[in-house]
Each structure stands twice: as structure tokens, then as C-alpha cells.
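Going by the numbering used here, the residue at position 213 of the sequence shown is 271; the numbering climbs one at a time, nothing skipped.
Glycine is no exception: its CB is placed at the ideal position from the N, C-alpha and C atoms.
Predicted model, so just to flag it, every value in this text is computed and none were measured.
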Amino acid sequence: MSTDDSPHILSEQTALDEVDEAEVDEAATDDGQGAAEESAGTFHAFWADVVADEIESRDPDDPIVIKGGVSPSGVAHLGNFNEIMRGYFVAEVLRDRGHEVRQVFTSDDKDPLRKVPRKLANADGEIVGLGEVDAGALGRNLGKPYTAIPDPFGEAESYAAHFAGLLKADADRLNVPVEMLSNTDLYADGTFDDAVRTVLGDVERVREVLSPYQDKVDDEYVPFNPVCEACGKVTETVTAIDLDAETVDYVCTDMDAGGNTIEGCGHEGTATFREGKLPWRLEWPAQWGVLGVDFEPFGKDHAEGSWPSGVDVARNVFGEEPPVPMVYEWFTLNGEAFSSSEGNVVTVQELLELLEPEVLRYFFALHPKKARDLDVERLDQLVDRFDRFERAYFGEVDDADLTAFAKRAYPFVVGRPDDPPTEKPIRLPYTFAAVLGMVDDPDFRERLARDEGHIPDDADDDAVDAALARVEQARNWAERTENEYDYRLQTDLPAVEFDEDVAAALDDLADFVAAGHDGEEIQGAMYETARDHDVEVSDFFAAGYRLFFDDTQGPRLGEFLGELERDYVVDRLRREA
Numbered sequence: 059m060s061t062d063d064s065p066h067i068l069s070e071q072t073a074l075d076e077v078d079e080a081e082v083d084e085a086a087t088d089d090g091q092g093a094a095e096e097s098a099g100t101f102h103a104f105w106a107d108v109v110a111d112e113i114e115s116r117d118p119d120d121p122i123v124i125k126g127g128v129s130p131s132g133v134a135h136l137g138n139f140n141e142i143m144r145g146y147f148v149a150e151v152l153r154d155r156g157h158e159v160r161q162v163f164t165s166d167d168k169d170p171l172r173k174v175p176r177k178l179a180n181a182d183g184e185i186v187g188l189g190e191v192d193a194g195a196l197g198r199n200l201g202k203p204y205t206a207i208p209d210p211f212g213e214a215e216s217y218a219a220h221f222a223g224l225l226k227a228d229a230d231r232l233n234v235p236v237e238m239l240s241n242t243d244l245y246a247d248g249t250f251d252d253a254v255r256t257v258l259g260d261v262e263r264v265r266e267v268l269s270p271y272q273d274k275v276d277d278e279y280v281p282f283n284p285v286c287e288a289c290g291k292v293t294e295t296v297t298a299i300d301l302d303a304e305t306v307d308y309v310c311t312d313m314d315a316g317g318n319t320i321e322g323c324g325h326e327g328t329a330t331f332r333e334g335k336l337p338w339r340l341e342w343p344a345q346w347g348v349l350g351v352d353f354e355p356f357g358k359d360h361a362e363g364s365w366p367s368g369v370d371v372a373r374n375v376f377g378e379e380p381p382v383p384m385v386y387e388w389f390t391l392n393g394e395a396f397s398s399s400e401g402n403v404v405t406v407q408e409l410l411e412l413l414e415p416e417v418l419r420y421f422f423a424l425h426p427k428k429a430r431d432l433d434v435e436r437l438d439q440l441v442d443r444f445d446r447f448e449r450a451y452f453g454e455v456d457d458a459d460l461t462a463f464a465k466r467a468y469p470f471v472v473g474r475p476d477d478p479p480t481e482k483p484i485r486l487p488y489t490f491a492a493v494l495g496m497v498d499d500p501d502f503r504e505r506l507a508r509d510e511g512h513i514p515d516d517a518d519d520d521a522v523d524a525a526l527a528r529v530e531q532a533r534n535w536a537e538r539t540e541n542e543y544d545y546r547l548q549t550d551l552p553a554v555e556f557d558e559d560v561a562a563a564l565d566d567l568a569d570f571v572a573a574g575h576d577g578e579e580i581q582g583a584m585y586e587t588a589r590d591h592d593v594e595v596s597d598f599f600a601a602g603y604r605l606f607f608d609d610t611q612g613p614r615l616g617e618f619l620g621e622l623e624r625d626y627v628v629d630r631l632r633r634e635a
């Protein structure tokens, strides 16, 4: 069993909340071959069951609340969606155990925009450059809350609403029932009122709790960020607090934004508790309390700083216990970190043009503690692993570990925990589907798939259509990556003529193919046949490419021809229509 398919050993401990997250991170190991996970003496084959055990051990009231969150700083990419999917699998396991579950995802949209991203995504999830939108809508509004910034596409009510809409659309595409919550709305409707009052009612205590985690916490630090009524920017300089009136006085001062300075306007004003926000290290634990959060997964960037401080704030400022945590490893994209601001992103919508939703859900179902790279150029390998995982569920793989994992996780991956599948879908191997993607004729595609034995004779029309849907996805992959499958097979015989020696070599190759040899053997025979007829090997391959692609180059020709219907290949090599 490969480490990519290995279930996740979340932790050998059963009280994750009683250790700091760095310790949780060290305890969460991948055994590389392990068949299951252990939690409170129970053996599990799926990491989400371990988390569910830990949540249940606290005897929570229904609905159990699972939370995630993100700051809408750029493209809603696959990395942002990680948190939603990790929460989803835990939510589904808990529902499978009979619990009512509420999965929420907060948009930290009262945060200020600190940097203009290099790329954005339109309402369809397609990544675009700033030249295609009103980039000035962003540049003119640095320092303002995301909800106060116009949508650069001119469609949603704000940039924050546009971003949240993308995440909700992605959740809908993968059938994840998540509630999108706006921090701006939570402040406006008074949800945070008690939390803000608690923080500003004992600023000295907050300073004492936060000072070990942040250098900027000094005797002048006031943990509240008003929104300037004059310029609309978020400011950090509070000069007075009136608890009875629930207001603060402030001065709109400059803001540091990653080494750059966003200038304040200097205005002196008064803001209510609802006209500002708590700093992140207070806002996050405040969310746990006001939303009643029982479990929250988060990336490793929060493990050593934000989480320990959040635990401290929750217990020693708000007087509440933090939720069950789970640190997940980041994904990388083509070997580089996901970054909205730098434009190294891929969206859920883009990936769903290249593979089935269940393959993407499988990607998220794998070991949360294992770093992995999503290499779009090698997407075929991910699909192949999913196909093997699926076969294991149906008892077709001689691997006890993988089978145990698949038996538990597969119904959740395909979205059918209440009605586990009993019939295996027809799956074309992804690279074979890419070969078929070179063909425009759908009937010819089906004929080739049947000829290679990938579609059973008794398959019904719906099953065939579902299997062949992968062809367009693999074709999109070939076009996106410009790989060896990014060619078009000519249905009609191209109008070409060859010298006698080349024609004779093609005839001999046709005889070789007709004898029933496979693609690797055909590839080798092409070299021998060219030499036998005193034809330059490059010229012979060019002749073959011209016959099949009306081009002078293409994929490894012999291996490709081995994938095609034999009679078709023989007729084409003999220049017969």
C-alpha cells in the first residue's frame, strides 16, 4: 500500500485539547503502511472516525458545530477548500453515527485588504489577470474591510461577497452542505457584542495573556480595530474605551502591511463595538464561543502560534474550552506553495474540468498529516490511485490495508454513506481516456474502448455514457498541460503520398500489426522496419504521424497504435479509407 493511500494515524492520545498543537503535530504520524488508527481503544480505518471519537468523548450537544474559515484575500483556490473538505468528512462520519451536524465556514471579511492579488477568479471559477477586471477597485481600497470594497467584476455586492460566492459554489459542486458566515454580518447583528465587551472590559488581562505570543502587545496596546468613519480604513489606534456606551475613541493611523505602509487619514473619531473588529488572535477564539464550535481543522501555519494563543485566550479571557483541533498539512501545486497573491493557484472548478468530483473528494480523504503535491501534469497518477481505491472497495485489490480504508471511506468519498454502492462503475484508465480524447467521433471512441475491453458487452447506455465522460476530462488535461496526448487523430485518411520505400515499409508494418502485436512491440518494429527498407527512422515516424494525425510529430507512435482498434490501424497503414 502506497503512503498516499495510507489511512491517517491522527494521534495515539485521546485528549488532543490537553496538549499544545505542536505536541499534537508531533504525535500525528504516518506509519506509511498502517491499516488503521487507534482512538480510545477503538481501531479505525479512516482518520475522520478518530476525530469523531474525540468529539464524542466530550459529550457535545447536537447540533455538533464544525468550523473552518478564511480571509478573502485572493482566488478561492484548492488550498482554501482543504479546510471545508476536512470538516466535511468528519461531519459526515458524525451524521453516520446519528448526530445532527452544522458545518459553518467563516469569511474573515472585516479584515483589511493589505495587498492587491496578482490574479482573481471570475464567477465561474476561471482564473483571470488584473487586466481583465477593475483592478483599481482593489488598489484604491487598501486598508478597508473586504466587505467595503467593490467587486472588481462588478457583479456581487462586494469583493468579499464575490469570494464567498466562489467557495459556496465549489462546495455545491462537491455536494458539501456548508453554511457561509460573514464576520462583518456577525459584528453588525451583535453576535460578537459580548466577546468585545469581555475583551475591552479587562484589557490588562488580555495584554497579560497575549504578550507571550506577540511582541507588539505592550502597555499601550488596546485589542480592538475600529473602522475609520472618515476614510473607511481599519485602524489600530484606540485612545479611550467607554464600556457603558459600548464605544471607543480612535485615531486613524498608518497600518503596516507586510513591509508596506497603508497610510491612515489622521481622523479622530468614535466607533461603536459593532463598527470595528477584534484582532485575529482574539477574534478566532471568540468565534469558537459565539458559534459553539466543537471541532476545527486548520493548516500547520496556525499550529505553533495562533492555536496556542487561541487556547490561552479561550480559557483565560473568555472562560471557555477550545474545540477539538486537527492540524492538516498544506498542499503544494506543481511543487510550489499555493498563493493567491502570487497567482500560483488552481480552483476546484478548473480541476473538475479535468477529473470527476469523486476523484477530487478522494484527494481530500487521504492522510491529513501528509504533505502532498498536486502536480497537474501528472494528474493521471492521482486518477489511477483513485481507481485502485475504488477497486479495493469492491474487493478487487489484494491489499488488506487499502481495502480496510476503502471499505470505510469510499461511501463518503462518493457521497453515499446512507446508500453504499454495490455495483462498481465502469472506469476507463485515464491515459487511455486521453488517447480517446484524440478522437472527435464519439462512436469511434466507444468502439475503441470496447475493442480494448474497457466497456463490457452488457453495459447499459447510462454506464457507457458515464465511463466515456472521462474522455473529455482527459482531453482537457492534455490540452491544459500540452502533453503527449494533445493531438487529434484524423478520422478520414489524409491526402498524402509517400516514396515507394516508405510505402513498402508502411505495408510491412501493417502486416506486423495485423499479426496481433502490442504497442511496445509495434514501437520496436518501427525502427526495424525502417532499417529493413533503408528509410530514415525519423522519416518513417513522420510518415506515420502524417497518416494518423496529419502532422509530423505526436505521441510515442507504436505504443499509441497499440491502443487503437487493430483493423483501423491496419487499414490506415495500408492507406485504405
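Starting from residue i and walking both ways along the alpha helix (DSSP H), at which residues does that stretch end?
{"i": "N374", "result": "S364 to N374"}
{"i": "I513", "result": "From DSSP, I513 is part of no alpha helix (DSSP H); its letter is neither H nor E."}
{"i": "T587", "result": "G577 to D590"}
{"i": "E448", "result": "L437 to Y451"}
{"i": "V261", "result": "V261 to L268"}
From residue i to residue j, what does the alpha carbon distance come to, in whole angstroms?
{"i": "D260", "j": "L301", "result": "10 Å"}
{"i": "V296", "j": "D247", "result": "22 Å"}
{"i": "F570", "j": "A553", "result": "24 Å"}
{"i": "E114", "j": "M384", "result": "15 Å"}
{"i": "V472", "j": "L631", "result": "43 Å"}
{"i": "T405", "j": "G137", "result": "9 Å"}
{"i": "P500", "j": "V123", "result": "47 Å"}
{"i": "M238", "j": "L349", "result": "13 Å"}
{"i": "G620", "j": "G574", "result": "9 Å"}
{"i": "V280", "j": "R176", "result": "33 Å"}
{"i": "V369", "j": "E341", "result": "12 Å"}
{"i": "C286", "j": "N199", "result": "13 Å"}
{"i": "T293", "j": "A303", "result": "20 Å"}
{"i": "V627", "j": "D433", "result": "33 Å"}
{"i": "D515", "j": "F607", "result": "30 Å"}
{"i": "L615", "j": "L413", "result": "25 Å"}
{"i": "P381", "j": "P337", "result": "20 Å"}
{"i": "N241", "j": "D111", "result": "30 Å"}
{"i": "E623", "j": "V522", "result": "18 Å"}
{"i": "V8", "j": "V275", "result": "The structure shown does not extend to residue 8, since the chain is modelled only from 59 to 635, so the question has no answer here."}
{"i": "Q345", "j": "E510", "result": "56 Å"}
So the beta strand (DSSP E) residue i belongs to, where does it begin and stop?
{"i": "Q161", "result": "V159 to S165"}
{"i": "L432", "result": "R430 to L432"}
{"i": "H102", "result": "T100 to H102"}
Evaluate residue i with the Cβ neighbour count: other Cβ atoms within 10 Å of its Cβ, from every protein chain shown; 16 or more gives buried, anything less gives exposed.
{"i": "K168", "result": "buried"}
{"i": "A583", "result": "buried"}
{"i": "Y585", "result": "exposed"}
{"i": "Q439", "result": "exposed"}
{"i": "R332", "result": "buried"}
{"i": "P478", "result": "exposed"}
{"i": "N233", "result": "exposed"}
{"i": "E354", "result": "buried"}
{"i": "Q611", "result": "exposed"}
{"i": "K482", "result": "exposed"}
{"i": "E215", "result": "exposed"}
{"i": "P270", "result": "exposed"}
Across which residues does DSSP place residue i in a beta bridge pair?
{"i": "L178", "result": "V186"}
{"i": "N318", "result": "A315"}
{"i": "L619", "result": "None; L619 has no bridge partner."}
{"i": "S397", "result": "N402"}
{"i": "M384", "result": "P355"}
{"i": "M143", "result": "BP columns for M143 are empty, so no partner."}
{"i": "P284", "result": "G334"}
{"i": "M238", "result": "F163"}
Helix or strand or just coil, what does DSSP make of residue i?
{"i": "K291", "result": "coil"}
{"i": "L551", "result": "coil"}
{"i": "E326", "result": "strand"}
{"i": "I207", "result": "coil"}
{"i": "F490", "result": "helix"}
{"i": "A297", "result": "Here residue 297 is Thr; the residue named in the question, Ala, does not match the sequence. T297 falls in the strand class under three-state DSSP."}
{"i": "H343", "result": "Here residue 343 turns out to be Pro, not His, going by the sequence shown. Three-state result, P343: helix."}
{"i": "G137", "result": "helix"}
{"i": "T249", "result": "coil"}
{"i": "I122", "result": "strand"}
{"i": "G574", "result": "coil"}
Closer than 8 Å, CB to CB, is residue i near chain D or not?
{"i": "L224", "result": "Here chain D cannot be found, since the structure has a single protein chain."}
Is any non-hydrogen atom of the ligand NAD found closer than 7 Å to the C-beta of residue i, if you look at the structure I gave you?
{"i": "A214", "result": "With respect to small molecules bound, the structure shown includes none, and the ligand NAD cannot be examined in it."}
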